[in-house]
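Okay, so here's the structure we're looking at.
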Amino acid sequence: MFAVLGWIIFGLVIGLIARTIMPGAQPMGFILTAVLGIAGSFVGGWLGTFLSGAGGQPDMHQAAGWIGSIIGALILLFGYGLVAKKA
657 MFAVLGWIIF
667 GLVIGLIART
677 IMPGAQPMGF
687 ILTAVLGIAG
697 SFVGGWLGTF
707 LSGAGGQPDM
717 HQAAGWIGSI
727 IGALILLFGY
737 GLVAKKA
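Numbering (our numbering), first residue to last: 657 to 743.
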């Protein structure tokens, strides 16, 4: 139970950081920001695995996990902005 809560909080923080870094307005609520951060963590983990050849998910206790998660969230936020403009 606490692990799930930890990932939700981690995702929310990552999503907020990504929204702060990305220029322009991102009209999304609290839940979508948390989902963006959690999904960004998985995208960042996938990119890290792809680029380094090492396996594993991002670790919220290491700087590399935070950086990879933020990069993944920025990629998803950029994609969300493209899709939202077309809709």
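The beta carbon of each residue, even a glycine, is placed where N, CA and C say it ideally should be.
Using a 10 Å radius around the Cβ and a threshold of 16 neighbouring Cβ atoms, would you call residue i buried or exposed?
i      : result
LEU692 : buried
GLY662 : exposed
VAL699 : buried
Any heavy atom of the ligand FAD inside 8 Å of the beta-carbon of residue i?
i      : result
THR705 : As for the ligand FAD, it is missing from this structure, which has no ligand bound.
Comparing the C-beta of residue i with each C-beta of chain B, is any distance below 9 Å?
i      : result
LEU668 : Protein chain content of the structure displayed is limited to a single chain, and chain B is not contained in it.
Under the assumption that residue i contacts residue j (Cβ atoms under 8 Å), give the Cβ distance between them as a whole number of angstroms.
i      : j      : result
ALA690 : GLY721 : About 17 Å; that fails the 8 Å criterion.
GLN682 : LEU738 : Contact flag wrong, Cβ pair sits at about 12 Å.
LEU703 : GLY685 : The pair is not a contact, with the Cβ atoms about 26 Å apart (cut-off 8 Å).
Check whether the segment 724-734 and the segment 692-707 are in contact - that is, three or more C-beta pairs closer than 8 Å.
Counting C-beta pairs closer than 8 Å gives three or more between the segment 724-734 and the segment 692-707, which meets the contact rule.
Extract the residue ranges of the alpha helix (DSSP H) inside the segment 667-714, only unbroken runs of 4 or more that lie entirely within it.
Entirely contained in the segment 667-714, the alpha helix (DSSP H) runs reaching 4 residues are, in chain order, 686-708.
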